[in-house]
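See structure below.
Numbering (the working numbering), first residue to last: 9 to 818.
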């Protein structure tokens with residue numbers, strides 16, 4: 009037995025439990041592993057701090073009811089120590105379980121019994137030089153002793169030991185599942201009859217993840233194994249995770265174990281309810297998160313469990329969460345009743361808070377992006393509401409899916425013998441920083457803005473704002489313009505910034521006010537908030553609702569978000585205009601439309617109050633529009649159509665000789681307007697020189713129609729050549745030539761006539777259409793017989809070639 013200066017740790021300091029979020033920094037990366045309540049004013053927590061070299065050091069914190077540090081110590085040991093677990097003995101004494109690493113990866117068990125009143129600590133150490141022993145958990149035994157459990161890391165056995173109130177060992181037993189790669193005790197509970205229940209997880213040698221599972225073993229007070237069951241998941245499903253399992257005795261005599269289970273792409277939390285025979289009564293897993301763990305649980309009343317663990321958000325940031333679990337009847341997960349979405353918060357466990365409420369402990373960061381992590385302790389009331397400290401609370405429905413693990417007898421127990429040694433003493437270690445997470449909150453009072461507001465100059469938005477959260481908790485304020493009617497030219501502005509205040513996004517739709525230096529005046533920042541104005545660039549005001557959102561933030565925390573809205577009267581052009589005076593046709597009606605501007609009110613002279621009205625008789629129609637700021641009116645005159653016959657469609661087909669043109673003159677109709685569809689001048693007369701289909705659009709006051717003109721060109725030149733001639737001088741058919749239709753062939757040019765004998769010899773060639781072959785060749789009469797001819801000519805549009813035969817007869 010030895011003494012160390014703990015009296016400063018355990019002196020009474022008043023104060024009852026309250027809500028808080030607190031981060032404890034020892035200069036490294038910290039995490040709390042366990043926490044116990046000695047009294048309403050005294051908490052003890054154990055955990056670890058990893059220094060810059062990567063070495064872990066166990067830390068022991070004592071706190072008052074407000075979470076304030078009374079003292080902190082660490083084992084005086086240069087090599088690695090791990091603070092793992094605590095067990096309460098009395099109001100002033102408690103057990104501490106650690107392990108130390110004397111060399112390489114070999115660990116030894118270390119148990120301390122600490123007396124808070126006398127400042128005495130007794131240490132007990134066990135270990136085999138070549139075997140890796142690690143403490144995982146403790147549970148106080150009714151005689152004032154403690155049950156310690158864990159595992160070996162070399163021969164892979166679970167270990168359980170019971171010590172009496174003076175630290176004497178009652179038994180030490182090892183436990184193993186045949187064929188396992190490892191078995192680990194991770195939690196213990198003491199039954200009403202003094203029997204000891206120990207839970208853990210295992211992995212079979214060489215097995216896939218489906219061979220992982222959980223197990224529970226029941227021991228007598230003397231350490232004899234009564235029974236054990238292992239819980240495997242169905243073939244083809246992923247198995248339990250080596251992250252460990254927590255155990256809780258339920259009021260009905262049942263047991264509950266929680267852990268995590270690997271699934272595709274992540275892991276999910278698992279809950280298994282076990283009856284008095286260690287058989288599965290129900291099992292569920294969370295399925296609303298791809299990555300979640302279950303680390304600890306606490307029975308509340310007769311039918312509820314609180315299960316703590318962590319999840320992973322879309323940005324791969326851990327968040328602590330607490331699931332409210334209904335044990336009665338079905339064992340259905342109810343809700344994520346409380347959670348923290350701060351930077352990498354991770355819950356390792358929970359404890360009941362005296363007077364109602366709960367403590368959650370683990371690790372986290374007050375600010376995103378900070379190196380390492382700090383020891384985290386959160387205190388909340390019985391309703392799991394955290395209105396003061398936690399800006400990131402969340403409430404979700406939790407989907408649960410029933411799973412069906414099998415239960416089989418498993419495991420053997422046998423004695424262990426380990427050498428005992430004196431562990432290192434404690435020495436004080438300072439807490440380098442303690443930070444509280446506070447939720448920045450303000451109360452703001454919007455200015456009295458008319459509804460709708462008639463915009464002429466920028467509008468002041470807030471009369472005043474008051475700090476609700478602690479002084480200095482607000483360092484940034486984000487103000488934005490939203491709403492479906494917000495215009496692209498809207499802006500926020502603040503002028504004459506006081507010293508110490510910076511404005512980003514001035515004269516934009518998103519304005520951020522912030523303190524220039526850390527520790528500046530939150531009150532000065534709020535005073536600047538009350539000078540922000542809403543403005544619009546240009547003259548055209550987009551009418552309608554504007555929503556002003558205000559988000560308050562501290563050093564790291566984003567707190568209150570609130571909004572208020574107001575409406576602007578729309579811009580109204582002067583004059584706003586209506587359709588031109590128009591004509592009303594028989595048995596018809598006209599639709600008259602006013603300006604399409606959001607926020608206007610309309611009233612027509614005929615009583616209509618919509619943007620459009622129906623004009624079904626001649627007269628004057630007046631529209632009066634109101635923006636809420638100004639009023640204007642306009643009038644349109646509707647007259648009856650005098651004589652506007654119904655126009656009908658027509659088709660005109662015209663054929664023109666090649667080389668000629670078509671003059672189209674259909675005549676005009678009274679009151680009809682004309683336009684050609686291809687954009688020629690709006691007169692019905694037109695000259696066509698090419699073929700095609702043309703559309704003449706016709707419209708009067710009451711109807712419209714079209715005339716389709718189809719123009720085609722044809723070859724009008726007909727040339728006749730006889731099939732015989734008789735050059736005998738009688739003046740009849742003495743010459744072979746082409747005989748044209750002289751009225752329609754005046755455009756023929758480039759004429760050529762050739763005549764050939766039966767052997768292909770040319771007997772005649774000529775270029776004059778009025779001349780031909782007289783039946784002679786070189787001045788001599790050609791013989792009777794059959795001859796071949798060919799002609800070629802241009803008909804005004806294209807070159808034509810023809811051929812044929814002729815008979816010479818004398």
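C-beta atoms are modelled at their ideal positions from N, C-alpha and C, and glycine is treated no differently.
Excluding five sequence positions before and after residue 564, the CB atoms of its chain that fall closer than 6 Å to its own CB belong to 374 and 375, given in chain order. Of all alpha-carbon atoms in 461, 816 and 632, the one lying nearest the alpha-carbon of residue 744 is that of 816. Short of 6 Å from the beta carbon of residue 522, and not among the five residues preceding or following it, lie these beta carbons of its own chain, in chain order: 484 and 510.
Check the Cα spacing between residue 446 and each of 192, 469, 476 and 462: the tightest is with 476.
Per the C-alpha coordinates, the member of 770, 776 and 793 positioned closest to residue 786 is 770.
Secondary structure note for residue 561: its beta strand (DSSP E) is the uninterrupted segment 552-561. A straight-line Cα-Cα distance of about 9 Å links residue 544 and residue 464. With contacts defined as CB atoms closer than 8 Å, residue 775 and residue 757 fail to qualify as a contacting pair. If you compare the alpha carbons of 661, 529, 549 and 491 with that of residue 572, the shortest gap goes to 491. In this structure, the CA atom of residue 566 is about 30 Å from the CA atom of residue 363. Non-local beta-carbon contacts of residue 619 in its own chain, meaning distances under 6 Å to residues more than five positions away in sequence, involve 602 and 610 in chain order. Of the residues assessed, residue 412 falls on the exposed side of the cut-off, its CB having fewer than 16 other CB atoms within 10 angstroms. By the Cβ neighbour-count rule, residue 462 is exposed, with fewer than 16 other Cβ atoms within 10 Å of its own. Contact between residue 133 and residue 118 is confirmed by a C-beta separation of about 5 Å, below the 8 Å threshold.
Relative to the Cα of residue 574, the nearest Cα in the group 455, 581 and 516 belongs to 455. Nearest in C-alpha terms to residue 507, of all of 204, 514, 494 and 532, is 532.
Comparing alpha carbon positions, the residue from 177, 135 and 85 closest to residue 159 is 135. DSSP places residue 531 inside the alpha helix (DSSP H), whose first and last residues are 530-537.
Close CB contacts of residue 654 within its chain, under the 8 Å cut and outside five residues either way in sequence, are with 710 and 711 (chain order). Under the DSSP assignment, residue 647 falls in the beta strand (DSSP E) whose first and last residues are 639-648. Restricting attention to 792, 258, 198 and 317, the CA atom closest to the CA of residue 311 is found in 258. Just so you know, the alpha carbons of residue 526 and residue 409 end up roughly 48 Å apart. Comparing C-alpha distances from residue 101 to each of 175, 777 and 39 shows the shortest one belongs to 175.
Proximity to residue 791 across 777, 735 and 740 peaks at 735, based on C-alpha coordinates. Runs of the beta strand (DSSP E) spanning 3 or more residues and lying entirely within the segment 594-626 occur at 598-601, 609-612 and 620-623, in chain order. Here DSSP, grouped into helix, strand and coil, assigns residue 779 to coil. By the Cβ test, the segment 179-190 is in contact with the segment 412-425, since at least three Cβ pairs between them sit closer than 8 Å.
Here the C-alpha atom of residue 330 lies approximately 37 Å from the C-alpha atom of residue 112.
When rounded, the separation of the alpha-carbon atoms in residue 151 and residue 194 is 22 Å.
Distances from the alpha-carbon of residue 638 to those of 748, 802, 273 and 577 put 577 closest. Between residue 334 and residue 313, the alpha-carbon positions lie close to 7 Å from each other.
Spanning the alpha carbons of residue 42 and residue 504 requires a straight line of approximately 53 Å. Shown here, residue 586 sits in coil according to DSSP, grouped into three states, outside any helix or strand. Of the other Cβ atoms in all chains shown, fewer than 16 fall within 10 Å of the Cβ of residue 681; this residue is therefore exposed.
Linking residue 689 to residue 502 through their CA atoms gives a straight-line distance of about 60 Å.
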